[in-house]
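These notes are about the structure you will find just below.
Residue numbers (our numbering): 1 to 229.
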């Protein structure tokens, strides 16, 4: 965390820190580093403090209106990129990390939607930052059936049960948006059920549906999707 703070403020990597270890920094830079350290003491994730993170080799702006992209989600991007497709829909896009990462590697036409206006605003910034063209829309999938016909649907929806909060790290509970994390204990498949229903009408022939899931429900979700055809 210390190196990340120094890199963010001074632009130094670890080697630079060693070479320039006797350098006197300005009061302004010292106070910025001090602020970062104080925020870390409050358990605030470094990504929110710095306002940025890296995902799939790209830089993304981050704030507390969206989840911090996880490296394990990069595997989902890699799975999708193994296929050929012309159109893709990302549901619950958040920071836009999945859609933008895929868009940076393909010429596919990509649409990304989210319930949160603030998430959409941030995702648009990230698309511009990474010079990727994405069609972003604010949309609630529980209030609308109008989705574009696509070859691929991908979603990393809320899937952590409310009762699992006690197992989640304090910094996640304190700072990351619960709306994007948790689902009621009695409806663990809330989003998967809705999205798979929408996929019946939205996916083109031979289209594919990709999810990030709660591993404890892997078998049940496979059965749900199998029954949907």
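Just so it is clear, CB atoms sit at the ideal spot from N, CA and C, and this is done for glycine as well. Note that the structure is predicted; figures quoted are calculated from it, not measured.
Going straight from the alpha carbon of residue i to that of residue j, what length do you get?
{"i": "residue 224", "j": "residue 193", "result": "8 Å"}
{"i": "residue 141", "j": "residue 32", "result": "41 Å"}
{"i": "residue 36", "j": "residue 46", "result": "8 Å"}
{"i": "residue 204", "j": "residue 153", "result": "10 Å"}
{"i": "residue 201", "j": "residue 209", "result": "12 Å"}
{"i": "residue 163", "j": "residue 218", "result": "18 Å"}
{"i": "residue 155", "j": "residue 177", "result": "17 Å"}
{"i": "residue 117", "j": "residue 138", "result": "6 Å"}
{"i": "residue 71", "j": "residue 78", "result": "11 Å"}
{"i": "residue 63", "j": "residue 136", "result": "18 Å"}
{"i": "residue 75", "j": "residue 171", "result": "24 Å"}
{"i": "residue 48", "j": "residue 168", "result": "18 Å"}
{"i": "residue 26", "j": "residue 59", "result": "27 Å"}
{"i": "residue 144", "j": "residue 196", "result": "14 Å"}
{"i": "residue 19", "j": "residue 173", "result": "Below a pLDDT of 50, predicted positions are generally treated as unreliable, and residue 19, at 49, falls in that range; the measurement from the model is reported next regardless. Distance between the alpha carbons of residue 19 and residue 173 is about 39 Å."}
{"i": "residue 119", "j": "residue 65", "result": "6 Å"}
{"i": "residue 73", "j": "residue 28", "result": "37 Å"}
{"i": "residue 166", "j": "residue 183", "result": "14 Å"}
{"i": "residue 213", "j": "residue 38", "result": "34 Å"}
Restricting to Cα atoms, I'd like to know which of the options is closest to residue i.
{"i": "residue 54", "options": "68, 41 and 64", "result": "68"}
{"i": "residue 82", "options": "59, 64, 127 and 106", "result": "106"}
{"i": "residue 130", "options": "113, 198 and 61", "result": "61"}
{"i": "residue 56", "options": "180, 112, 119 and 101", "result": "101"}
{"i": "residue 207", "options": "170, 169, 80 and 76", "result": "80"}
{"i": "residue 175", "options": "34, 43 and 27", "result": "43"}
{"i": "residue 132", "options": "73, 220, 108 and 214", "result": "108"}
{"i": "residue 230", "options": "92, 41 and 199", "result": "There is no way to answer for residue 230, as the model of the chain reaches only from 1 to 229."}
{"i": "residue 226", "options": "41, 199 and 214", "result": "199"}
Should residue i be flagged as near chain C, meaning a C-beta pair shorter than 8 Å?
{"i": "residue 109", "result": "Of the protein chains in this structure there is only one, and it is not chain C."}
Quick check on the DSSP output: the beta strand (DSSP E) that includes residue i runs from which residue to which?
{"i": "residue 112", "result": "109 to 114"}
{"i": "residue 153", "result": "150 to 155"}
{"i": "residue 146", "result": "No beta strand (DSSP E) contains residue 146, which DSSP labels as neither H nor E."}
{"i": "residue 135", "result": "135 to 138"}
Specify, as a first and last residue, the run of the alpha helix (DSSP H) that residue i falls within.
{"i": "residue 166", "result": "Looking at the DSSP string, residue 166 is not in any alpha helix (DSSP H), and its letter there is neither H nor E."}
{"i": "residue 126", "result": "117 to 129"}
{"i": "residue 219", "result": "218 to 228"}
Q. Taking contact to mean at least 3 C-beta pairs separated by less than 8 Å, is the segment 84 to 100 in contact with the segment 113 to 127?
A. Yes, the segment 84 to 100 is in contact with the segment 113 to 127.
Q. Below 8 Å, can you find three or more Cβ-Cβ pairs linking the segment 75 to 87 to the segment 146 to 153?
A. With the rule of 3 Cβ pairs closer than 8 Å, the segment 75 to 87 counts as touching the segment 146 to 153.
Q) What are the uninterrupted segments assigned as beta strand (DSSP E) that are 3 or more residues long and contained completely in the segment 177 to 204, given in chain order? A) Counting only runs of 3 or more, we get nothing.
Q | the segment 177 to 192 / the segment 151 to 159 touching (three or more Cβ pairs under 8 Å) | A | Taking 8 Å as the limit for Cβ pairs, the verdict is that the segment 151 to 159 does touch the segment 177 to 192.
Q | alpha helix (DSSP H) segments (min. 4 residues) lying fully within the segment 40 to 101 | A | Scanning the segment 40 to 101 from its first residue to its last, the whole alpha helix (DSSP H) runs of 4-plus residues come out as 46 to 50 and 73 to 81.
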